[in-house]
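There are 2 protein chains.
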Amino acid sequence: MTALADQHCVPRRGEAHRLSAPEVHRLLAELPGWALRADGLAIVRTLRFEDFLAALAYVNALADMAEAQDHHPDLELGYGRCSVHYNTHDVGGLSLNDFICAAKAERLYAAQHAH
Amino acid sequence: MTALADQHCVPRRGEAHRLSAPEVHRLLAELPGWALRADGLAIVRTLRFEDFLAALAYVNALADMAEAQDHHPDLELGYGRCSVHYNTHDVGGLSLNDFICAAKAERLYAAQHAH
Numbered sequence: 000m001t002a003l004a005d006q007h008c009v010p011r012r013g014e015a016h017r018l019s020a021p022e023v024h025r026l027l028a029e030l031p032g033w034a035l036r037a038d039g040l041a042i043v044r045t046l047r048f049e050d051f052l053a054a055l056a057y058v059n060a061l062a063d064m065a066e067a068q069d070h071h072p073d074l075e076l077g078y079g080r081c082s083v084h085y086n087t088h089d090v091g092g093l094s095l096n097d098f099i100c101a102a103k104a105e106r107l108y109a110a111q112h113a114h
Numbered sequence: 000m001t002a003l004a005d006q007h008c009v010p011r012r013g014e015a016h017r018l019s020a021p022e023v024h025r026l027l028a029e030l031p032g033w034a035l036r037a038d039g040l041a042i043v044r045t046l047r048f049e050d051f052l053a054a055l056a057y058v059n060a061l062a063d064m065a066e067a068q069d070h071h072p073d074l075e076l077g078y079g080r081c082s083v084h085y086n087t088h089d090v091g092g093l094s095l096n097d098f099i100c101a102a103k104a105e106r107l108y109a110a111q112h113a114h
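In order, the protein sequences belong to chains R and L.
At position 31 of the first sequence (counting the first as 1) the number is 30 in numbering that gives the first Met the number 0, and the numbers step up by one without a gap.
At position 20 of the second sequence (counting the first as 1) the number is 19 in numbering that gives the first Met the number 0, and the numbers step up by one without a gap.
Here it is, written out as C-alpha cells:
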C-alpha cells in the first residue's frame with residue numbers, strides 16, 4: 000500500500016466512509032504521536048515550536064497542504080505550540096482523509112525541524 | 000483617555016497589574032462581542048470568515064500585531080472561523096494588555112471586512 004503521506008484525499012461522504020474502531024487503531028499505529036480524541040471523533044497531535052512565529056509558519060504550510068487536499072484541520076495555536084485536529088464532518092467521524100492529512104502534517108513538521 | 004486600540008502594550012508582571020473584576024467589566028463594555036471566559040481568566044471572541052484562507056489571513060495579520068506588541072493570543076482556527084483568547088500569564092489573569100490587544104484585533108477584523 001502507498002504510504003499514507005503519499006496518498007491524496009478524495010471526497011468521502013456518508014457512513015460508508017466512516018472508519019471502524021479497528022481500522023482507526025490500525026491507522027493510528029502508523030502515526031506515532033497522534034492520539035484519538037476522548038470522544039473518538041477526531042485524531043489530535045500537539046506540536047512544539049521555538050516561538051509564536053515558528054508555530055505560525057507551520058500553520059501556513061499546513062494551510063497550503065489543506066487547500067491542496069481540500070481537507071482542513073481544526074487548529075489551536077499558541078506561543079510555541081500548535082494542536083492539530085482532524086476529523087471528517089461528512090462522515091460524522093474519521094475517514095481515511097484524516098489519516099492521509101495527519102501523515103502529511105507530520106512530514107511537514109519533520110521538514111521544518113530538519114534544518 | 001486614549002482609545003484602547005491606540006495604546007501600546009508594556010510589560011505588566013505581578014499581581015499589581017492583575018485587573019479587578021469591576022475593572023474587567025468596565026473594559027469589556029468597550030469591546031462589544033468580547034466575553035469573559037467561564038473561568039474569568041481570559042477574554043474571548045469568535046470571528047467568522049468566508050473560508051479557511053480568509054481566517055488564516057486574519058491570523059497572520061493578528062500575528063504581526065502580536066509581535067509588535069510582544070503579547071500573543073491563543074487562537075482556535077477552523078474552516079471559516081477563528082476564536083481569539085487573550086490573557087496575561089505573568090499576572091495570572093487579565094491585564095490592560097489583553098484589552099489593548101483585543102481592541103487592536105477588533106480593528107484588524109473590521110479593516111479586513113470593510114472591503
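Virtual Cβ for every residue (Gly too), placed ideally from N, Cα, C.
Computed from a predicted model, the values in this text were never measured in an experiment.
Q: Give the residues of chain R in contact with Ala65/L, contact being defined as C-beta atoms less than 8 Å apart.
A: Phe51
Q) By Cβ distance below 6 Å, which residues in the same chain neighbour Phe51/L in space, the five residues on each side in sequence not counted? A) Tyr78
Q. Do the stretch 18-38 of chain R and the stretch 53-69 of chain R make contact, defined as three or more Cβ pairs closer than 8 Å?
A. no
(Q) Could you compute how far the alpha carbon of Leu40/R sits from the alpha carbon of Gln68/L? (A) Taking the straight line from one Cα to the other gives about 37 Å.
Q. Would the beta-carbon of Arg11/L fall within 7 Å of that of Ser94/L?
A. yes
Q. In this structure, what does DSSP give as the bridge partners for Leu46/L?
A. Cys81/L
Q) Any beta-carbon of chain L closer than 7 Å to the one on Gly77/R? A) yes
Q: Using 10 angstroms around the beta-carbon of Asp97/R, count the other beta-carbons present and answer buried if the total reaches 16, otherwise exposed.
A: buried
Q) So, helix, strand or coil for Asp69/R, using DSSP? A) DSSP places Asp69/R in coil when its eight states are reduced to three.
Q.
My assumption, with CB atoms under 8 Å, is that Ala53/L sits in contact with Ile42/L. Please give the rounded CB distance.
A. No, Ala53/L and Ile42/L are not in contact; Cβ-Cβ is about 23 Å, not under 8 Å.
Q. Could one say the Cβ of Leu74/R lies closer than 7 Å to chain L's Cβ atoms, at least one of them?
A. Nearest CB-CB separation between Leu74/R and chain L: below the 7 Å threshold.
Q. Comparing alpha-carbon positions, which option in Thr87/L, Val58/L, Ala104/L lies nearest Val23/L?
A. Thr87/L
Q: Look at the alpha carbon of Gly145/L and the alpha carbon of Arg17/L, and state the distance between them as a whole number of angstroms.
A: Here chain L has residues from 0 to 114 only, and residue 145/L is not among them.
Q.
On the DSSP letters alone, give me the boundaries of the alpha helix (DSSP H) that Pro10/R sits inside.
A. Counting along the chain, Pro10/R falls outside any alpha helix (DSSP H), and DSSP gives it neither H nor E.
Q | Same chain, Cβ closer than 8 Å to Pro72/L, five either side skipped, listed in chain order | A | Leaving aside the five residues that flank Pro72/L on each side, the residues in its chain whose CB is nearer than 8 Å to its CB run, in chain order, Leu61, Ala65, Val83, His84, Tyr85, Cys100, Ala104.
Q: Return the CA-CA distance between Met47/L and Glu75/L, expressed in angstroms with no decimal places.
A: As written in the sequence, residue 47/L is Arg, which differs from the Met given in the question. C-alpha separation (whole angstroms): 12 Å.
Q: Say whether chain R places a C-beta atom closer than 7 Å to the C-beta of His71/L.
A: For His71/L, the nearest CB of chain R lies under 7 Å from its own CB, placing it at the interface with that chain.
Q. Is Ala62/R close to chain L, meaning its C-beta is less than 7 Å from at least one C-beta of that chain?
A. yes
Q) Where does Ala109/R land, buried or exposed, given buried means 16+ other C-beta within 10 angstroms? A) exposed
Q: Count the other CB atoms, across all protein chains shown, that sit within 10 Å of the CB of His70/R; report buried if there are 16 or more and exposed otherwise.
A: Answer is buried; the Cβ neighbour count reaches 16.
**Q.** Contacts around Ala4/L, its chain only, beta-carbon distance under 8 Å, and the 5 residues preceding and following it disregarded
**A.** Ile99, Ala102, Lys103, Glu105, Arg106
Q) Does any CB atom of chain R fall closer than 7 Å to the CB of Leu107/L? A) no
(Q) Using a Cβ-Cβ distance cut-off of 7 Å, determine whether Leu18/R contacts chain L. (A) no
Q | Close beta carbons around Ala2/L, own chain, < 8 Å, minus the five adjacent residues each side | A | Ala102
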